[in-house]
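Those sequence lines, one after another, are chains H and D.
Per the working numbering, the very first residue in the first sequence carries number 1; after that it's consecutive.
Per the working numbering, the very first residue in the second sequence carries number 1; after that it's consecutive.
Where a beta carbon is used, it is the ideal one built from N, C-alpha and C, also for glycine.
Since the structure comes first, as structure tokens, the remarks are kept for the end.
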Amino acid sequence: MHQIKADNLRPLSFLGFRFLFGKPAQTQEAAALHHVRHSAFWGAVLGIGISIVPLYIVLFVSNGMIQGITDRYLETKTSHLQLSLPFNLNGETREKIQQDILGLQDVTTASFEVDGIGLAASSSGSISAQIRGMDQSVLKDEGFTKFIQVDDGAMFPERQNEAVLGRYLAKALGVNAGDTVTLITLRSSGGDEAQMLPKLSIFRVAGIVSSGYRELDANWFIVQSETALRLLNPSTAYTFIGIKTMHPYGAELNTVASEIADQMARAGLSGIPGVDVRSWRDIERSLFASFSSTKSILILIMAIAILVASINLASALTTYVMEHRTEIAILRSFGVSPQQTAAIFLVGGAATGTLGCIVGSAVGIFISFYINQILRGVQAAINFVLKLWVPALHPMTLLNPDYYLEHIPIHINWNYIIFILGAGIVVSALVSLVPAIKSSHIAPAELIRHEQ
Amino acid sequence: MNEPIIECKDLTKTFSSGAEVLRILDHADFMLERENICTILGPSGSGKSTFLAILGSLERFDSGTVRVDGYDLHMVPEKSLSVFRRNVVGFVFQFHFLLNDFTALENVALPGYMAGISRADAWEKATKLLDLVGLENRAHHYPSQLSGGERQRVAIARALINGPTIVLADEPTGNLDAASAEEVRSLLQRLPDVAKTTLVLVTHDSALATIGNTSHLLKGGHFECIK
């Protein structure tokens with residue numbers, strides 16, 4: 001059997017390229033001829049290219065969005081690790097634990113926090129709020145201060161009767177910095193037959209802040225941790241030390257978690273109910289699972305589009321083979337083997353797919369990289385046109401910052417690019433198999449039939 | 001007597017058309033010596049082109065033996081026939097069968113390039129062959145830019161690129177005007193000398209028929225040596 005060796009690939013690829021894409025024509029007549037004969041393959045290249053562009057955009061934009069939201073969650077709410085503690089743990093022990101954690105390598109900050117639920121009320125109405133009793137040390141946390149934007153007033157309540165509200169909670173309550181809000185919490189009455197009684201506390205709004213993500217901004221009612229310990233019910237509140245590390249996304253996080261667990265064991269706290277170290281991956285598992293599944297569905301839809309484009313390539317290649325039986329028979333008449341014939345079209349098909357993948361990747365990466373600028377440009381263009389027609393119309397926003405990040409952080413991941421290119425080439429080669437095999441069955445004897 | 005390059009014995013080839021069986025070659029015998037020119041004549045439909053296709057392994061035959069330059073074509077498996085076509089025979093058809101998207105030079109060089117000659121060598125060899133057929137100045141023209149005679153001369157150059165021991169030409173002047181036919185005839189006549197090859201020529205062209213050292217008439221499925 002005639003084997004296809006690496007050296008033999010050169011003439012095969014020469015033929016494959018020339019058959020499918022032709023040679024730049026030197027005369028207008030030849031140009032017209034080539035255009036007609038090879039447009040199907042440029043169409044296939046374009047089809048694959050166009051189908052790949054949205055895949056890149058979806059992948060990079062969704063990754064950017066998820067990354068941006070994850071960063072905000074981690075730096076402003078969840079922390080990288082949480083060491084949950086009993087509500088009634090005395091302050092001295094808590095301080096000691098905090099200091100021990102800060103002494104660990106890789107740990108940058110450790111802040112105590114008490115979380116609970118309450119009802120915030122103002123003259124405009126009432127709304128449920130997430131009470132965050134935070135330690136002032138959070139102001140030294142660069143991650144927190146980086147993502148928190150102060151709309152009005154201060155970033156942190158300086159007094160026990162002050163609160164800092166999330167942007168949308170303040171909006172819902174219709175309050176500004178300096179106004180007062182009422183917080184209703186539930187406290188146990190104490191004694192053997194304890195009852196839950198509402199407790200009303202009045203706070204002055206010291207500031208209004210935003211994390212840049214509506215879901216967080218709609219709930220935050222930030223008070224000092226001592227205030228939260230006083231207001232919240234021990235059975236429903238959650239107390240923890242939020243720990244930030246230098247490598248929140250790396251394997252080092254698990255090492256730090258193990259070291260903290262060891263410290264707890266040494267301090268005799270490991271067996272106490274409510275004491276546990278969890279990473280952000282566990283704490284926000286359901287949220288990121290939902291992000292991940294949404295992204296997977298989008299990628300699946302995009303992959304189907306690529307498959308359709310690949311089938312278009314297979315169809316163009318099959319049509320070419322059927323329409324050029326004579327040329328293939330000519331090749332066979334001068335000794336090109338069936339395997340070589342198949343290889344010519346396999347190489348040609350894979351080259352078509354590769355070209356499409358490269359073009360699509362270049363465009364996709366470019367659009368992804370400049371997606372923020374492109375969106376702003378498109379938005380400005382739409383608003384300009386709309387304003388010409390309806391001057392009174394409010395400017396529209398393509399990505400409502402209430403629900404999306406205002407700036408999508410895009411990081412080009414070369415692994416994705418290599419995978420998409422590789423998969424595109426393999427899929428193109430696979431769909432080219434059928435027309436390639438068809439071509440190998442064309443016998444040189446067809447030339448004789450052609451003559452007759 | 002020289003060693004025969006083609007030797008056919010009891011060669012039979014039939015075609016079926018519905019219930020009817022057409023016996024094109026009927027236990028035919030044929031022999032040809034090296035570096036000769038042999039013309040095969042015969043009425044239309046007598047099986048001349050089929051015989052040529054059998055010699056070139058483009059067609060299978062029903063029975064008998066066909067030995068071409070040491071290859072027993074009945075025994076050569078289908079997969080190895082490509083090697084035989086590449087190394088032993090060169091074809092010239094009535095219709096030139098050049099690849100339209102390739103220049104004259106590329107058309108000539110391709111069989112060599114596909115046979116494993118390096119690109120530079122194949123192109124150099126093709127240039128020399130175009131020189132041999134008098135088309136060195138047409139090397140970069142596409143078939144659509146060549147006359148009928150020029151196309152046929154390119155086809156002859158292509159047939160010679162791999163140094164075949166036999167060139168099989170099927171009515172090579174059938175589609176040409178008189179002047180072009182004369183150019184092709186003159187070229188074919190020189191082939192055994194310049195290319196050290198044997199030429200088997202099927203033709204209706206009486207002028208072309210005269211160039212053969214031997215001539216055979218194919219009639220009723222049998223060969224009759226007439227020269």
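Buried versus exposed call for residue i [16 or more other C-beta atoms within 10 Å across all chains shown]
| i | result |
| --- | --- |
| glutamate 95 of chain H | exposed |
| serine 206 of chain D | exposed |
| tyrosine 370 of chain H | exposed |
| alanine 343 of chain H | buried |
| glutamate 171 of chain D | buried |
| lysine 77 of chain H | buried |
| lysine 9 of chain D | exposed |
| isoleucine 69 of chain H | buried |
| lysine 227 of chain D | exposed |
| cysteine 38 of chain D | buried |
| valine 223 of chain H | buried |
| arginine 167 of chain H | buried |
| isoleucine 297 of chain H | exposed |
| asparagine 115 of chain D | Sequence check: residue 115 of chain D is alanine here, not asparagine. Label assigned to alanine 115 of chain D: buried. |
| arginine 85 of chain D | buried |
| tryptophan 389 of chain H | exposed |
For residue j and residue i, believed in contact at Cβ under 8 angstroms, the rounded distance
| i | j | result |
| --- | --- | --- |
| isoleucine 358 of chain H | threonine 341 of chain H | That pair is no contact at about 26 angstroms. |
| asparagine 100 of chain D | tyrosine 142 of chain D | 7 angstroms |
| serine 368 of chain H | tyrosine 56 of chain H | 5 angstroms |
| threonine 198 of chain D | asparagine 36 of chain D | 6 angstroms |
| glycine 42 of chain D | leucine 218 of chain D | 4 angstroms |
| isoleucine 156 of chain D | valine 133 of chain D | 6 angstroms |
| threonine 103 of chain D | histidine 74 of chain D | That pair is no contact at about 39 angstroms. |
| leucine 313 of chain H | serine 428 of chain H | 6 angstroms |
| phenylalanine 91 of chain D | leucine 168 of chain D | 5 angstroms |
Bridge partners - residue i, DSSP secondary structure assignment
| i | result |
| --- | --- |
| proline 4 of chain D | D/Glu33 |
| cysteine 38 of chain D | D/Val200 and D/Thr214 |
| cysteine 225 of chain D | D/His216 |
| threonine 115 of chain H | Reading off the sequence shown, one finds aspartate at residue 115 of chain H, where the question assumed threonine. H/Arg132 and H/Tyr238. |
| arginine 278 of chain H | H/Gln82 |
| lysine 244 of chain H | H/Thr109 |
| glutamate 162 of chain H | H/Arg204 |
| glycine 90 of chain D | D/Val167 |
| threonine 182 of chain H | H/Ala121 and H/Ile202 |
| aspartate 72 of chain D | D/Arg67 |
| alanine 28 of chain D | D/Leu11 |
Any chain H beta carbon closer than 8 angstroms to residue i
| i | result |
| --- | --- |
| phenylalanine 223 of chain D | no |
| methionine 75 of chain D | no |
| valine 154 of chain D | no |
| proline 143 of chain D | no |
| asparagine 99 of chain D | Here residue 99 of chain D turns out to be leucine, not asparagine, going by the sequence shown. Chain H, which has a Cβ nearer than 8 angstroms to the Cβ of leucine 99 of chain D, makes this yes. |
| glycine 134 of chain D | no |
| serine 46 of chain D | no |
| tyrosine 113 of chain D | yes |
| valine 83 of chain D | yes |
| serine 49 of chain D | yes |
| glycine 116 of chain D | yes |
Closer than 8 angstroms to chain D by CB, residue i
| i | result |
| --- | --- |
| asparagine 372 of chain H | no |
| glycine 41 of chain H | In the sequence as displayed, the identity of residue 41 of chain H is phenylalanine instead of glycine. Chain D contact via Cβ: absent. |
| glutamate 323 of chain H | no |
| leucine 447 of chain H | yes |
| phenylalanine 291 of chain H | no |
| glycine 22 of chain H | yes |
| isoleucine 328 of chain H | no |
| arginine 379 of chain H | Before going further, note that residue 379 of chain H is glutamine rather than arginine in the sequence given. So, not an interface residue. |
| valine 363 of chain H | no |
| glutamine 340 of chain H | yes |
| phenylalanine 334 of chain H | yes |
| asparagine 63 of chain H | no |
| proline 391 of chain H | no |
| asparagine 400 of chain H | no |
Beta-carbon neighbours of residue i, restricted to chain B and to distances below 8 angstroms
| i | result |
| --- | --- |
| proline 435 of chain H | Absent here is chain B; the protein component of the structure consists of chains H and D. |
contact_flag[the region 136-151 of chain H, the region 200-211 of chain H] where n(CB pairs < 8 angstroms) is 3 or more: Contact holds between the region 136-151 of chain H and the region 200-211 of chain H, because three or more Cβ pairs, one in each stretch, are under 8 angstroms apart.
Inspect the CB distances between the region 80-87 of chain H and the region 323-338 of chain H and report whether three or more fall short of 8 angstroms. The region 80-87 of chain H makes no contact with the region 323-338 of chain H, as fewer than three CB pairs between them are under 8 angstroms.
Below 8 angstroms, can you find three or more Cβ-Cβ pairs linking the region 86-106 of chain H to the region 225-243 of chain H? Yes: at least three Cβ pairs fall under 8 angstroms.
Decide yes or no for the touch test of the region 15-26 of chain D against the region 47-61 of chain D: beta carbon pairs closer than 8 angstroms, at least 3 of them. These segments touch.
Looking at C-beta atoms only, is the number of pairs between the region 49-64 of chain H and the region 287-306 of chain H that lie closer than 8 angstroms three or more? Judged by Cβ distances under 8 angstroms, the region 49-64 of chain H makes contact with the region 287-306 of chain H, as three or more pairs qualify.
Measuring CB atoms only, is the region 120-133 of chain H touching the region 311-320 of chain H, in the sense that at least three cross pairs come out at less than 8 angstroms? No, the region 120-133 of chain H is not in contact with the region 311-320 of chain H.
I want to know whether the region 431-441 of chain H touches the region 346-361 of chain H - three or more CB-CB distances under 8 angstroms. The region 431-441 of chain H, when compared against the region 346-361 of chain H, does touch it at the 8 angstroms Cβ threshold.
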